[in-house]
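Before any comments, here is the structure.
Protein chains: 2
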Amino acid sequence: MTDPEFKHIAIIGIGLLGSSIAHAVKAYGGASKVSMWDVSDKVRKCAAQVVPGQVCETAVEAVTGADCVFLCTPVGVLQEVTAEIADALADGAVLTDVGSVKAKAAADMAAACPAHVHLIPGHPIAGTEKSGPEAGFASLFQDAWHILTPLKAESEPYADAVQRLSAFWMRLGARVETMDVDRHDRVLAITSHLPHLIAYNIVSTAYDMESVEKGEVVKYSAGGFRDFTRIAASDPTMWRDVFLTNKDAVLATRGRVSEDLAALQRAIRWGDGETLMQEFSRARGIRKAIIDAGLDTAEADFGRRQIDPDPEE
Amino acid sequence: MTDPEFKHIAIIGIGLLGSSIAHAVKAYGGASKVSMWDVSDKVRKCAAQVVPGQVCETAVEAVTGADCVFLCTPVGVLQEVTAEIADALADGAVLTDVGSVKAKAAADMAAACPAHVHLIPGHPIAGTEKSGPEAGFASLFQDAWHILTPLKAESEPYADAVQRLSAFWMRLGARVETMDVDRHDRVLAITSHLPHLIAYNIVSTAYDMESVEKGEVVKYSAGGFRDFTRIAASDPTMWRDVFLTNKDAVLATRGRVSEDLAALQRAIRWGDGETLMQEFSRARGIRKAIIDAGLDTAEADFGRRQIDPDPEE
Chain U
1248 MTDPEFKHIA IIGIGLLGSS IAHAVKAYGG ASKVSMWDVS DKVRKCAAQV
1298 VPGQVCETAV EAVTGADCVF LCTPVGVLQE VTAEIADALA DGAVLTDVGS
1348 VKAKAAADMA AACPAHVHLI PGHPIAGTEK SGPEAGFASL FQDAWHILTP
1398 LKAESEPYAD AVQRLSAFWM RLGARVETMD VDRHDRVLAI TSHLPHLIAY
1448 NIVSTAYDME SVEKGEVVKY SAGGFRDFTR IAASDPTMWR DVFLTNKDAV
1498 LATRGRVSED LAALQRAIRW GDGETLMQEF SRARGIRKAI IDAGLDTAEA
1548 DFGRRQIDPD PEE
Chain P
1248 MTDPEFKHIA IIGIGLLGSS IAHAVKAYGG ASKVSMWDVS DKVRKCAAQV
1298 VPGQVCETAV EAVTGADCVF LCTPVGVLQE VTAEIADALA DGAVLTDVGS
1348 VKAKAAADMA AACPAHVHLI PGHPIAGTEK SGPEAGFASL FQDAWHILTP
1398 LKAESEPYAD AVQRLSAFWM RLGARVETMD VDRHDRVLAI TSHLPHLIAY
1448 NIVSTAYDME SVEKGEVVKY SAGGFRDFTR IAASDPTMWR DVFLTNKDAV
1498 LATRGRVSED LAALQRAIRW GDGETLMQEF SRARGIRKAI IDAGLDTAEA
1548 DFGRRQIDPD PEE
């Protein structure tokens, strides 16, 4: 294994992502020491059992001596957490996060981050519907994209810090991309935030339908609904903060989707099968591109689902 | 293996479902002979290579002598197909389908079905985003629900036919439920039809966003969008017919979902985090029920995704 990019990393917030970073470092390297802290006693106790690394009693204790700090908390508390650890951050240390919204995250962290610290906001496009320290695993970041949104700082030490952080994530299996925060938030609004909002929306509506029993919704969920429940099972706190902090991009995108949906509804109401065919057929192109890019295991899952009870065939 | 429920089944339409029935019968029994036909030469040629059973040149040839006929065509052509085979249907034969909309399917088949044939509309809540004769596999119906919507016919031979058809599907691994057509269409509107409409809608909108490159949508699809593309990859013709034939239930359900989404949007616009938390938290209940009912393999898939590169741990 090549030399680790960091001597000592600190993880603040030991949820799915925080605990997965700790597992991944144990598995693939990247740092010689891992210390961590979570605001919840329950999470800290659990992490001490299942997450590799040293669980500390305070955030300050966890980040003391660290040359890279990962904030893995909900976006809404990033400024508060940064302020709490600011005085304990080492000279030249890297401060990064894993928040799903970058404009607000970058601004909040910058507001409390000392000048002698290299702030490099980041976002791994990886996750599952599970949350908590028990949900983490080492291979979460394998082949996933990791977006870094570096500040407009041109100094050489900063460029070197970005370089080291990129190498760290690549070591964990990620493909690293850099872009500015606004572009990130616009892209993620359509590829992640809105899909989650719609999933929460449909599951929640189904929950309230008088004309359909919940039992039926569950029983017949294989028709498509089930996939929405998987998305909608994601951490509510995290997603609340995502929507509150990426409000403009989400609402703008929602407007576009709503406009297009109105057209589909109209086609249904007026029995315009041609329009429906056109719209439905286009979807396969994007699907194929995702499969070709190796960004979905559906092919493999599909294969796994095939049981051949007739081996000689 | 117990005696097959049918001597000779005929499959009209050799897509994912039609070919899967043929594979399942070869694997688990249920009929001694399987004949099939598809309107497409290309599909018939392909089926002759990959689907177990006899591929015929005409629908009439395929159903002649069959004591159970499965119509696996898009819902839109059920009446036409039923009329085409009507004179060739054997006395006391069972005629069923696999259409995702039952009121229209039942009415269309009934309009052309001879009196001496037992019409029993049906719908397997099973499928993948794949289509065509190569997509079928024997285990598709394992643990999936199969809904039968029997007519209000009280005759003993009819009751016996429903009994045999149920036994056939259970032999293929399905759990069988009966309900009336309107209830089916209302339940499926929320558990299947609307989720597909929304998925097609979001994927199609993403395709048109000027502010985001298609490449970015593909790259960062793991954030949630990817699951929508999987749903939206389903057969466009089949889904066009679903929306055109279950128009009322789909538009009514869409109204409810739209109303609830407006409330979520408003909460986002006004920064009402409490409302978002409440709505997002409820979704987990339904998710848990689906997992508990063994209706999703996400747990298993999740497990499979965990690679432990450190075995001694």
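Each protein sequence line maps, in turn, to chains U and P. Residues in the first sequence are numbered consecutively from 1248, following the numbering used here. Residues in the second sequence are numbered consecutively from 1248, following the numbering used here. Cβ atoms here follow ideal geometry from the backbone N, Cα and C, with glycine treated the same way.
Endpoints, alpha helix (DSSP H) assigned at residue i
{"i": "Thr1452/U", "result": "1441-1455"}
{"i": "Pro1404/U", "result": "1403-1418"}
{"i": "Leu1336/U", "result": "That residue, Leu1336/U, is in no alpha helix (DSSP H); it is neither H nor E in DSSP."}
{"i": "Ile1261/P", "result": "From DSSP, Ile1261/P is part of no alpha helix (DSSP H); its letter is neither H nor E."}
{"i": "Leu1435/P", "result": "1428-1435"}
{"i": "Ala1354/P", "result": "1349-1359"}
{"i": "Asp1288/P", "result": "1288-1297"}
{"i": "Glu1308/P", "result": "1306-1310"}
Spatial neighbours of residue i in its chain, beta-carbon cut-off 7 Å, leaving aside the 5 residues before and after
{"i": "Ala1496/U", "result": "Asp1432, Arg1433, Ala1436"}
{"i": "Glu1559/P", "result": "Because the pLDDT at Glu1559/P is just 37, under 50, the model does not fix this residue reliably, and the value given afterwards should be weighed accordingly. Excluding positions up to five away in sequence, the list is empty."}
{"i": "Val1348/P", "result": "Val1322, Asp1432, Val1489, Thr1492, Asn1493"}
{"i": "Glu1526/P", "result": "Leu1511"}
{"i": "Leu1366/P", "result": "Leu1342, Met1356, Ala1357, Cys1360, Leu1398"}
{"i": "Asp1427/P", "result": "Thr1396"}
Beta-carbon proximity list for residue i, same chain, < 6 Å, skipping 5 on both sides
{"i": "Ser1266/U", "result": "Val1298, Pro1380, Gly1383"}
{"i": "Val1450/P", "result": "Phe1475, Thr1476, Ala1479"}
{"i": "Cys1303/P", "result": "Ser1282, Trp1284, Ala1309"}
{"i": "Phe1415/U", "result": "Glu1252, Gly1277"}
{"i": "Ala1359/P", "result": "Gln1326, Thr1329, Ala1330, Ala1333"}
{"i": "Ala1306/P", "result": "Ile1259, Trp1284, Glu1331, Ile1332"}
{"i": "Leu1387/P", "result": "Ser1267, Ala1373"}
{"i": "His1577/U", "result": "An answer regarding residue 1577/U cannot be provided, because it is not within the stretch 1248 to 1560 covered by chain U."}
{"i": "Lys1254/U", "result": "Ser1279, Asp1314"}
{"i": "Pro1556/U", "result": "Caution applies to Pro1556/U, whose pLDDT of 37 falls short of 50 and renders its modelled position unreliable; the value that the coordinates give is listed next. Nothing listed; no residue qualifies."}
{"i": "Leu1419/P", "result": "Ala1271, Tyr1275, Phe1388"}
{"i": "Thr1438/P", "result": "none"}
Residue i (DSSP reduced to helix, strand or coil)
{"i": "Phe1384/U", "result": "coil"}
{"i": "Thr1459/U", "result": "In the sequence as displayed, the identity of residue 1459/U is Val instead of Thr. Coil at Val1459/U, not helix or strand."}
{"i": "Ser1481/P", "result": "coil"}
{"i": "Ile1554/P", "result": "With a pLDDT of only 38 at Ile1554/P, under the threshold of 50, the placement of this residue in the model should not be trusted; the figure read from the coordinates follows. Ile1554/P falls in the coil class under three-state DSSP."}
{"i": "Ile1332/U", "result": "helix"}
{"i": "Lys1399/U", "result": "coil"}
{"i": "Phe1549/U", "result": "Low per-residue confidence applies at Phe1549/U: pLDDT is 34, beneath 50, and the placement is therefore not dependable, though the value from the model is reported in the following sentence. Three-state result, Phe1549/U: helix."}
{"i": "Leu1491/U", "result": "helix"}
{"i": "Ile1533/P", "result": "helix"}
{"i": "Leu1325/P", "result": "helix"}
{"i": "Gln1389/U", "result": "coil"}
{"i": "Glu1560/U", "result": "For Glu1560/U, the pLDDT reaches just 33, beneath the cut-off of 50, and the residue's location in the model is therefore unreliable, although a value from the coordinates is still provided. Correct three-state label for Glu1560/U: coil."}
{"i": "Thr1343/P", "result": "strand"}
{"i": "Ile1268/P", "result": "helix"}
{"i": "Ile1538/U", "result": "helix"}
{"i": "Glu1252/U", "result": "coil"}
N-terminal and C-terminal residue of the beta strand (DSSP E) that residue i is part of
{"i": "Ser1279/P", "result": "1278-1284"}
{"i": "Gly1502/U", "result": "Gly1502/U -> not in any beta strand (DSSP E); alpha helix (DSSP H) instead, spanning 1494-1516."}
{"i": "Glu1424/P", "result": "1422-1425"}
{"i": "Val1364/U", "result": "Here Val1364/U belongs to no beta strand (DSSP E), and DSSP marks it neither H nor E."}
{"i": "Val1316/P", "result": "1315-1318"}
Cutoff 8 Å; reference residue i; Cβ partners in own chain excluding five residues on either side
{"i": "Tyr1454/U", "result": "Lys1461, Val1464"}
{"i": "His1443/U", "result": "Ile1478, Ala1479, Ser1481, Trp1486, Val1489"}
{"i": "Ala1499/P", "result": "Ala1436"}
{"i": "Asp1543/U", "result": "Ile1537"}
The ligand NAP heavy atom lying under 6 Å from the CB of residue i
{"i": "Lys1535/P", "result": "The ligand NAP is absent from the structure shown, which contains no ligand whatsoever."}
Are three or more beta carbon pairs between the region 1468-1485 of chain P and the region 1526-1545 of chain U nearer than 8 Å? yes
Taking contact to mean 3 or more Cβ pairs, one atom from each stretch, closer than 8 Å, check whether the region 1525-1536 of chain U and the region 1459-1473 of chain P are in contact. yes
For the structure I just gave you, are there three or more beta carbon pairs, one from the region 1499-1510 of chain U and one from the region 1340-1356 of chain U, closer than 8 Å? no
With a cut-off of 8 Å, do at least 3 Cβ pairs link the region 1420-1432 of chain U to the region 1389-1400 of chain U? yes
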